[in-house]
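Trainee:
In the working numbering, the protein residues as written are 1305 to 1760.
1) Mind checking whether residue 1590 and residue 1544 have CB atoms under 8 Å apart?
2) Pull up the CB-CB distance for residue 1702 and residue 1369, whole angstroms please, since I reckon it's below 8 Å.
3) With distances taken Cα to Cα, identify the nearest neighbour of residue 1736 among 1660, 1334 and 1673.
4) CA-CA distance, residue 1710 and residue 1546?
5) Based on DSSP bridge pairs, tell me the residues matched to residue 1648.
6) How far does the alpha helix (DSSP H) with residue 1348 in it extend, from its first residue to its last?
7) Smallest Cα separation from residue 1573: which of 1356, 1588 and 1448?
8) Measure the beta-carbon distance from residue 1539 to residue 1507 and round it to whole angstroms, keeping in mind my assumption that it falls under 8 Å.
9) Buried or exposed for residue 1515, going by 16 or more other Cβ atoms inside 10 Å?
10) Who are the Cβ neighbours of residue 1627 in its own chain at under 8 Å, not counting the five residues just before and after it?
11) Starting from residue 1709, follow the alpha helix (DSSP H) in both directions and report where the run begins and ends.
12) If you follow the alpha helix (DSSP H) that residue 1569 is part of, which residue opens it and which one closes it?
13) Can you give me the start and stop residues for the alpha helix (DSSP H) that residue 1724 sits inside?
14) Using a Cβ-Cβ distance under 8 Å, would residue 1532 count as near chain D?
15) So the alpha helix (DSSP H) residue 1466 belongs to, where does it begin and stop?
16) Are the beta-carbon atoms of residue 1365 and residue 1483 separated by less than 8 Å?
17) What did DSSP end up calling residue 1534 once you bin it into helix, strand or coil?
18) Kindly confirm or deny that the region 1601–1615 and the region 1385–1392 touch, where touching means at least three C-beta pairs closer than 8 Å.
19) Report the rounded CA-to-CA distance for residue 1554 versus residue 1751, giving the unit in angstroms.
20) Does the beta-carbon distance from residue 1488 to residue 1477 come in below 8 Å?
21) Please go through the same chain and pick out, in chain order, the residues whose beta-carbon is closer than 7 Å to the beta-carbon of residue 1498, but skip the five residues on each side of it.
22) For residue 1333, count the other beta carbons within 10 Å of its own beta carbon; 16 or more makes it buried, fewer makes it exposed. Which is it?
23) What's the gap between the Cα of residue 1379 and the Cα of residue 1621?
24) What is the rounded straight-line gap between the Cα of residue 1695 and the Cα of residue 1713?
25) Smallest Cα separation from residue 1647: which of 1532, 1637, 1722 and 1729?
In structure tokens, the structure reads:
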């Protein structure tokens, strides 16, 4: 009995909230890998361990990059495994377990409460368990409505059973910002379809706003809350600006390219769709590899920004981008700090923002370097080699932002490159600072006298 108690104390002391969060994702990825390796999960042929690991990690980290054809290389069982993986990955296994404990009448542990608060909330709240219930109930409500609307549309193309399966798979994938599709060409066949485009866009946006923002909007609409928090205002404003700006730039750069033979309605749909999906989800209605260099650059920036905190997406997050821009703007005007909507953002948050952006950029730089070095001999054609550089950088940022868009090179990655992308998808999902905090030890440090250093 004593060894068991000693072991429990050891894990209680060593498993900090950050480590528990990370290990929960690692556990789900490992289980998913083993399930995808089973013969019952294979399609026409079995997949290798690295491909199974890559697919599982991409699903759990709701990235959407894939080295296999989900609709053909995996059986129905394998496809269901991926659906469960990105559903669990979107919300987190800890979320499901704590909600289950709450429904059983068991109180939430301090560790569990701390993990969930850091995942979904910007400040501690008294109605914590109500928020938690809203997260799960809201998820299934949005996915259910999306499934219903897509089912009605897919009935035109498929028998009822297959239409329902296609609808629920794509609805869950969209809300969790994964981007896995059962169609070989993703959603390209529905580029001009208003129903499919608007439903998928709506689900992606709802999943990418962050659950606490959706909760505040719900309370504001019901009259339970007088005003939205500063966090919600910043997220909503930044999201609208990024979607509108991305759509306008995509329309402008691609009107004479991939949208050349498309009508006005199709151009509008494609521009909005790609602007939304570029930041958070891997669905596409156009060939990413055929886009202009200017569009690729815009998409890289949007992917790096990503979704909002407490959502199912990755990236540095919309609020971090907004605060960074405000810090730069205020510094150029000779002002310290950030004030927005008649509120001053704490300096601790600003410092954390800078750390997130720098850590994220370094992570992308390292993995991009690994992809380039692991590519082997340079291309014989110098122009092709430069193009390959852009493809690898695009792939790296897509993995970090858990977006899932690709310039059609994912299936051609070698083992080292696949493992590097797998690691970056994981870092992008849990966050580079969370990874650092998980292994950090708290030690007392001396405070020395200050002395200036020239910068800039």
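A virtual CB, placed ideally from N, CA and C, is assigned to each residue, including glycine.
Mentor: Taking the structure as given:
1) Your numbering for residue 1590 matches position 286 in the chain shown. Your numbering for residue 1544 matches position 240 in the chain shown. No, these two residues do not count as a Cβ contact at 8 Å.
2) As a working mapping, residue 1702 is identified with position 398 in the chain shown. As a working mapping, residue 1369 is identified with position 65 in the chain shown. Residue 1369 and residue 1702 do touch by the CB rule: their CB atoms are close to 7 Å apart, below 8 Å.
3) Mapped onto the chain shown, residue 1736 falls at position 432. Taking each of 1660, 1334 and 1673 in turn and checking the Cα distance to residue 1736, the smallest one comes out for 1660.
4) Translated into positions along the chain shown, residue 1710 becomes position 406. Translated into positions along the chain shown, residue 1546 becomes position 242. So the two alpha carbons sit approximately 20 Å from each other.
5) On the chain shown, position 344 is the one that residue 1648 refers to. For residue 1648, the beta-bridge partners assigned by DSSP are 1643.
6) Taking the chain shown and counting its residues from 1, one reaches residue 1348 at position 44. Careful: residue 1348 lies outside any alpha helix (DSSP H) and carries neither H nor E.
7) Numbered from 1 along the chain shown, position 269 holds the residue referred to as residue 1573. For residue 1573, the nearest C-alpha among the options comes from 1588.
8) Sequence index remark: in the chain shown, residue 1539 carries index 235 (1-based). Sequence index remark: in the chain shown, residue 1507 carries index 203 (1-based). Cβ atoms of residue 1539 and residue 1507 stay farther apart than 8 Å, at about 17 Å.
9) The count along the chain shown starts at 1 and reaches residue 1515 at position 211. Its Cβ being crowded by 16 or more others within 10 Å, residue 1515 is buried.
10) Looking up residue 1627 in the chain shown gives position 323. Closer than 8 Å at Cβ, skipping near neighbours: 1538, 1642, 1649, 1653, 1654 and 1657.
11) For the purposes of this step, residue 1709 is taken as residue 405 along the chain shown, with counting starting at 1. For residue 1709, no alpha helix (DSSP H) encloses it, and the DSSP letter there is neither H nor E.
12) Position 265 of the chain shown, counting from 1, holds the residue named residue 1569. Unbroken alpha helix (DSSP H) run through residue 1569: 1568–1584.
13) Position 420 of the chain shown, counting from 1, holds the residue named residue 1724. For residue 1724, the uninterrupted alpha helix (DSSP H) run begins and ends at 1719–1734, by DSSP.
14) Looking for chain D here will not work: only one protein chain is present.
15) Residue numbering aside, residue 1466 sits at position 162 when the chain shown is read from its first letter. Looking at the DSSP string, the run of the alpha helix (DSSP H) that includes residue 1466 is 1464–1479.
16) Walking along the chain shown from the start, residue 1365 turns up at place 61. Walking along the chain shown from the start, residue 1483 turns up at place 179. Contact flag unset, no.
17) Numbered from its first residue, the chain shown carries residue 1534 at position 230. In the structure shown, residue 1534 sits in a helix (DSSP, three-state: H, G or I).
18) Short answer: they don't touch.
19) As a first step, residue 1554 is located in the chain shown; it is residue number 250 there, counting from the start. As a first step, residue 1751 is located in the chain shown; it is residue number 447 there, counting from the start. Computed Cα separation, rounded: 50 Å.
20) On the chain shown, residue 1488 is found 184 positions in, with the first residue counted as 1. On the chain shown, residue 1477 is found 173 positions in, with the first residue counted as 1. No, Cβ-Cβ distance for residue 1488 and residue 1477 is not below 8 Å.
21) Sequence index remark: in the chain shown, residue 1498 carries index 194 (1-based). For residue 1498, the CB contacts under 7 Å within the same chain, skipping 5 residues up- and downstream, are 1573 in chain order.
22) Position 29 of the chain shown, counted from the start, is the residue given in the question as residue 1333. When all chains shown are included, residue 1333 counts as buried.
23) The sequence position of residue 1379 within the chain shown is 75, counting from 1. The sequence position of residue 1621 within the chain shown is 317, counting from 1. Going by the C-alpha atoms only, they are around 35 Å apart.
24) Stepping through the chain shown from its first residue, residue 1695 is reached at position 391. Stepping through the chain shown from its first residue, residue 1713 is reached at position 409. The alpha-carbon of residue 1695 is positioned some 7 Å away from that of residue 1713.
25) Here residue 1647 corresponds to residue number 343 of the chain shown, with the count starting at 1. Residue 1532 holds the alpha-carbon nearest to the alpha-carbon of residue 1647 among 1532, 1637, 1722 and 1729.
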